[in-house]
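Written out below as C-alpha cells is the structure these notes cover.
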Amino acid sequence: MNTNLNKLRAIQFNAICTISALILSGASGMAAASILDPDDLQLQPARSMLLAQNTPSNIGKINNDLNLPKTGADVQITNTKSLTLKEAIDIAFRNNRDVQAARLAIDRDTAGIRSAQAAQALQIGLTSTLQNQGSPVIFGTQTTTSSNSNIQGQLQATYSILDAGRNSSSVRAAEEQVKFSKLDLLRIEQKLRGDVTTAYYDLQAADSSVIINQASITDAKRSLSDAQLQEKAGTGTKFDILRAQVQLATANQNLVNAQGQQQTARKNIAQILSVDNNTEFTAADAVSELGDWRYSLEDSIVLAYKKRPEIQQQLVNRSISEQQQIIAAAADSPQVSLFANYNLGKTLTDSTSAQDSYSLGAQLSWSFWDGGAARANSDRQKVNQEINENQLTTQRNQIRFEIERAYYSLGTNKKNITTATQSLQQAEESLKLARLRFQAGIGTQTDVIQAQTELATARGNRISAILNYNRALASLRVATVLVE
C-alpha cells in the first residue's frame, strides 16, 4: 500500500514539475493545442534561428565587409576607369545605400497595406484545450483518487460590420505611407543625382585645370627659350632669363597644386559612387555646354511645386494624419461584429460520446468613456496636420529660392561664356604679338609674361563659365525633377 502511495506521489510531483516548466516557458496549459514532446525542446534554438533569418528586417540586407586592409598593397590604386556623367549616375543608383534602403522601405510599407486589409477580412480561429482534473494526494493518508481527462475544441469566426471607419482608415493610411516611401525614394535619387553631377563637374574642373597649367608650362618653356636665344644674340639680358625661369617655376608649382586637386576630385566621386577604394575615375565627357533651359522663371517655380517630392510628401503626411485622426476618434465609438462558434468536447475517462454545440450572433462593444484618451489622440493628429502645413510653407519657400538662384546663375554664366570665349581669343592673339615684339627687340619680357598670365586666366575663366552654366542647368533639372 505504501509503495503504491509513494509511486502515486512521485507521479503527481513529476506532473507538477512539468506543468511549472510549461508555465515558465510561456506555454499555457488551458490553451495548448497539443502536448509538447520534451525532445522538441532541443529544436527550439534552430527554429528561432530560422525565424530570425526570414524576418522582414533581414530581407535584402546589405552585407558590409568588416575586414580592414592590413598592407599598403591592399589600398593601392590598381584600376583607372574613364566614365561619362550618365555612367556615373547609373553606378551611384546601383550602389548607394540610401537608395537601397528606400527601396526596401517601399516593400515594407506595401506589406503594411496587406496587413491593414487583413483586419477587414473574415477572421477564423481554432482553440483546443486538453486538461486533467482530479484530487491529488500530496498530504494525508488518502489512498484513492478520482480524476477525469477531457478535450475541448472551439472554431470561431468573426466579421466586423461597424467600426466607425477604423479599418478603412487604416488601409488608406497604409496606402498613403507607400506613396510617401515612393516619394522618398524619388527625393533620395534626385539628391544623389545632384551630388554625382556636382562631383563630376568638379572632376572636369580639376582635369581642365591640369591641362591649362600644362599649357602654361609649355608657354613658359618657350619664353625661356626665347630669352636664352636673345641673350646669346646680344639683344637680351640675364634678367630676362631669370624672369622666364621664375615664370616656369611658378607654372610647375601651379601644375602640382592642380594635380593634387585632381586626385581629391577623383577620390571624392569614387566615394559618392560607393565603389571600391582601389579604383580611380577620370571624366570621359568633354567640357561643353549641355543645352538650354526652355522654361521661364515663373514656369520653373510652378513646375517645381508640382513635381518636387518634398512638396508631395508634406501633402501625403497631412493625409496620413487625417486618417490617423479618424482611427483615434473611433476608439470611443460603437463597434459591431458578427460571430459564429462551433464547440466540440469529449471526456476521455468515460465512454460517453462527444458533445458539440454552436452559436451565432452579433456583438456590440462600446467604450463610451476612456478618460478622454480618444479625444486627446484625435487632437494630437489635428496638431500634426497643422505642423505639416507649416512645413509645407517652409519647403515651398526653400524650393522657390533654389529655383531662383539656379535660374539667375544660368543666365549669368551664359553671358560669361560669350565674354570668356572672346577674351580667350584676344589673349591668344596678345601672346603671339608679345612674342613677336620680344623676338624683334621692340618688346620686353614683361609683356610676354603678362600675356602668358592673361592667357592662363582666360582659359580658366572660360572653363569655369561653362561648368558653372552646366551646374546651374543641372540644379534646375534636379529642382524640377526633369531628367534629360
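All the letters of the sequence shown, read from the start, carry residue numbers -33 to -1, 1 to 451 under mature numbering (1 follows the signal peptide of the UniProt record, and there is no 0). Note that beta-carbon positions come from the ideal geometry of N, C-alpha and C, so glycine has one too.
Which class does F248 belong to by DSSP, given the choice of helix, strand or coil?
Strand.
Would E371 and A446 be called neighbours here (beta carbons separated by less than 8 Å)?
Not a contact, by the Cβ cut-off of 8 Å.
Can you give the Cα-Cα distance for A(-2) and L89, rounded to whole angstroms?
At A(-2) the pLDDT is 34, less than 50, meaning the model places this residue with poor confidence; the figure from the coordinates comes in the next sentence. About 23 Å.
Sorted by chain position, which residues of the same chain lie with C-beta nearer than 6 Å to A166's C-beta, five sequence neighbours on each side aside?
Result list for A166: N235, I236 and I239, in chain order.
Suppose contacts are defined by Cβ-Cβ distances below 8 Å. Is S397 in contact with A418 by that definition?
Yes, these two residues count as a Cβ contact at 8 Å.
Could you name the residues of the same chain whose beta carbon sits closer than 8 Å to that of A321, not counting the 5 residues immediately before and after it, in chain order?
L311, G312 and K313, listed in sequence order.
Beta carbon of Q352, beta carbon of R285: below 8 Å?
Cβ distance < 8 Å, so Q352 and R285 count as in contact.
According to DSSP, is A124 part of a helix, a strand, or is it coil?
Correct three-state label for A124: strand.
If we ignore side chains and look at the alpha-carbon of each, how far apart do N31 and R64 end up?
In this prediction, N31 scores a pLDDT of 48, lower than 50, which makes its location untrustworthy; the coordinate-derived value is nonetheless stated afterwards. Straight-line Cα distance between these residues: approximately 11 Å.
What are the boundary residues of the alpha helix (DSSP H) that includes L71?
L71 -> alpha helix (DSSP H) spans R64 to A85.
DSSP puts K205 in a beta bridge; with which residues?
Partner(s): none; K205 has no beta bridge.
Are the CB atoms of A423 and S390 nearer to each other than 8 Å?
In this structure, S390 does not lie closer than 8 Å to A423 by Cβ.
Can the beta-carbon of A387 be found closer than 8 Å to that of R429?
Yes.
Whether or not the region 74 to 85 and the region 253 to 273 are in contact is what I'm after, with contact meaning three or more pairs of Cβ atoms, one per stretch, closer than 8 Å; do they touch?
Judged by Cβ distances under 8 Å, the region 253 to 273 makes no contact with the region 74 to 85, as fewer than three pairs qualify.
Less than 8 Å between the C-beta atoms of E143 and F60, yes or no?
Taking 8 Å as the Cβ cut-off, E143 and F60 do not qualify as a contacting pair.
In three-state terms, what does DSSP make of R227?
Sequence check: residue 227 is Gly here, not Arg. The answer is helix: DSSP assigns G227 an H, G or I state.
Mind checking S148: buried by the 16 CB within 10 Å criterion, or exposed?
It is buried - the Cβ of S148 has at least 16 other Cβ atoms within 10 Å.
Taking 7 Å as the limit between beta carbons, can you name the residues of its chain near R160, skipping five residues before and five after?
The residues are I56 and V445.
Using DSSP with H/G/I as helix, E/B as strand and the rest coil, what is D323?
Strand at D323.
Would you decide whether V213 is buried or exposed? Buried here means 16 or more other CB atoms lie within 10 Å of its CB.
So V213 ends up on the exposed side.
Please state the DSSP three-state secondary structure of L305.
Strand.
With a CB to CB cut of under 7 Å and the five nearest residues on each side skipped, what residues in its chain are close to D162?
Same-chain partners within the cutoff: I239.
Suppose you measure from the CA of residue 523 to the CA of T96; what does that come to, to the nearest Å?
Since the first residue shown for the chain is -33 and the last is 451, residue 523 is missing from the structure and cannot be characterised.
Please go through the same chain and pick out, in chain order, the residues whose beta-carbon is closer than 8 Å to the beta-carbon of I287, but skip the five residues on each side of it.
Excluding positions up to five away in sequence, the list reads A140, E143, Q144 and F147.
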